[in-house]
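Numbering (my numbering), first residue to last: 93 to 528.
Note that beta-carbon positions come from the ideal geometry of N, C-alpha and C, so glycine has one too.
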């Protein structure tokens, strides 16, 4: 058994190359992550392996090399750009005589430092505790001390068991509080739907310029900085599009490769703004040589949070850093806007972006035929409240046949919220022509 080393800021970074991974781009992002967390990077140790070692993640020879670097630089912390198991962390700390942190722990530390709102702090604390509870195992001597005394003969409850119980109680409390937040957000979205106000959510890889673009579009003063995860808290503002149509624009947390699952789960209430949006603005750093990879990584996260089917308009930002780009809109073969090239910093192309958003929002409202069984009468009343019903008829089985005009995703969400066990099919009748 051993006393776990104290944490510090002087760090040695470890980044191994595995088959199919872009070594250099991931390495540079890792260094930026460590610096964003406040670490003083003393050395970066690389290497390659086919598979992680089950005991130390790295091989014994590489572990000795890391130990020498820690001793020669007087490092207090070793950060791995990989997910480590609890046993691997303990084995490495015992060998290296320094605190060891995996990629998930590093990202959680950055989020903890950047969270500002009450909701953001709750979300980060929940993710941290869910990450920590798996690491409260035998290996820290102070957690093995027994509590006993008069009236409590025997070993009593160990400090380890007490800490586990307290953490589980706190996790349960945080989940209850975040469920309240989730319900409040759901009510806000329902109110916007009732007023027929579309929601536009900005998503993208961290440091792509989402907050700067949000400010340029809405005239807001949300904090924006050229650093990873500069802002965590979702900001929502109203915006009038060309033609006078009102929308709500939401700036969401940035994504990153291998975003910890605990963090995605904790930020569920925030990420639902993207999942339930009418349109997603996928902000891409046009000057990033790895932008194609970043686009795929964002798509993977969107799929994980259930937002893969939301319509997307790509926004290539930072064209001021490229000499060969000017503000313009790229359209697909049917004339639908697919990509807009802008510079949020200079404002070039922002008006073009608003025009493209207005087009896509108008196109999202279509006509559908919906069959509502008697048990889902609440859904029928909600559709009438939103003035979405164009025509209605009743069949012999008491089912309502409704012709409605509204965004398909809003319609499907209302079906879920109405308590219908099976999804109600919404389809476009063949005799109707799609109208923008």
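- Taking 4 residues as the shortest admissible run, the stretch 364-405 contains the following complete alpha helix (DSSP H) segments, listed from N- to C-terminal end: 383-396.
- Note on the stretch 103-147: whole alpha helix (DSSP H) runs with a minimum of 4 residues are 115-128, in chain order.
- Note on geometry: alpha-carbon atoms of residue 158 and residue 298 lie some 30 angstroms from one another.
- The DSSP assignment places complete alpha helix (DSSP H) segments of no fewer than 4 residues inside the stretch 410-472 at 442-456, in order along the chain.
- When 447, 502, 174 are compared, the shortest CA-CA separation from residue 337 is found for 447.
- Counting the other Cβ atoms within 10 Å of the Cβ of residue 408 gives 16 or more, which makes it buried.
- Segment contact: the stretch 135-143 against the stretch 201-217, fewer than three CB-CB distances shorter than 8 angstroms; contact not assigned.
- Inclusion of residue 339 and residue 453 in the CB contact set at 8 angstroms is warranted, their separation being smaller than that value.
- Residue 291 counts as buried, since at least 16 other C-beta atoms from the protein chains shown sit within 10 angstroms of its C-beta.
- Boundaries of the beta strand (DSSP E) harbouring residue 331: 327-332, taken from the DSSP string.
- Rounded to whole angstroms, residue 342 and residue 151 show a C-alpha spacing of 46 angstroms.
- When secondary structure is reduced to three states using DSSP, residue 343 falls in the strand class.
- Residue 507 is classed as buried because its beta carbon has at least 16 other beta carbons within 10 Å across all chains shown.
- When secondary structure is reduced to three states using DSSP, residue 214 falls in the helix class.
- Nearest in C-alpha terms to residue 203, of all of 490, 431, 161, 348, is 348.
- A distance below 8 angstroms separates the beta carbons of residue 102 and residue 134.
- Between residue 153 and residue 180, the C-beta spacing is not below 8 angstroms.
- Here residue 171 is bridged, per DSSP, to 105, 193.
- Residue pairing by DSSP places residue 289 in no beta bridge whatsoever.
- Closest in C-alpha terms to residue 259, from the list 221, 271, 294, comes 221.
- DSSP places residue 198 within a helical segment (H, G or I) once states are collapsed to three.
- When the Cα atoms are used, residue 441 and residue 422 turn out to be separated by approximately 12 angstroms.
- The C-beta distance from residue 184 to residue 169 rounds to 12 angstroms, too long to fall under 8 angstroms, and the pair is not in contact.
- Cβ-Cβ distances below 6 angstroms link residue 289 to 338, 340 in the same chain, with the five nearest sequence neighbours on each side left out; the list follows chain order.
- Following the DSSP letters along the chain, one finds residue 481 inside the beta strand (DSSP E) bounded by residues 481-486.
- Note on geometry: alpha-carbon atoms of residue 123 and residue 280 lie some 39 angstroms from one another.
- Linking residue 268 to residue 367 through their CA atoms gives a straight-line distance of about 21 angstroms.
- Annotation for residue 510: no alpha helix (DSSP H) segment contains it, and DSSP assigns it neither H nor E.
- Comparing C-alpha distances from residue 188 to each of 174, 370, 210, 164 shows the shortest one belongs to 164.
- Taking residue 332 as the centre and dropping the five residues before and after it, the same chain places the C-beta of 338 closer than 7 angstroms to its C-beta, in chain order.
- Rounded to the nearest whole angstrom, the CA to CA distance from residue 459 to residue 479 is 13 angstroms.
- Annotated three-state conformation of residue 176 is coil, per DSSP.
- In this structure, residue 131 lies near residue 171, with their beta-carbon atoms less than 8 angstroms apart.
- Rounded to the nearest angstrom, the Cβ distance from residue 196 to residue 223 is 6 angstroms, consistent with a contact under 8 angstroms.
- Within the same chain, Cβ atoms closer than 6 angstroms to the Cβ of residue 162 are found at 104, 188, 190, the five residues on either side in sequence being excluded.
- Apart from sequence neighbours up to five positions away, the residues of its chain that approach residue 485 with a beta-carbon distance below 8 angstroms are 492, 493, ordered along the chain.
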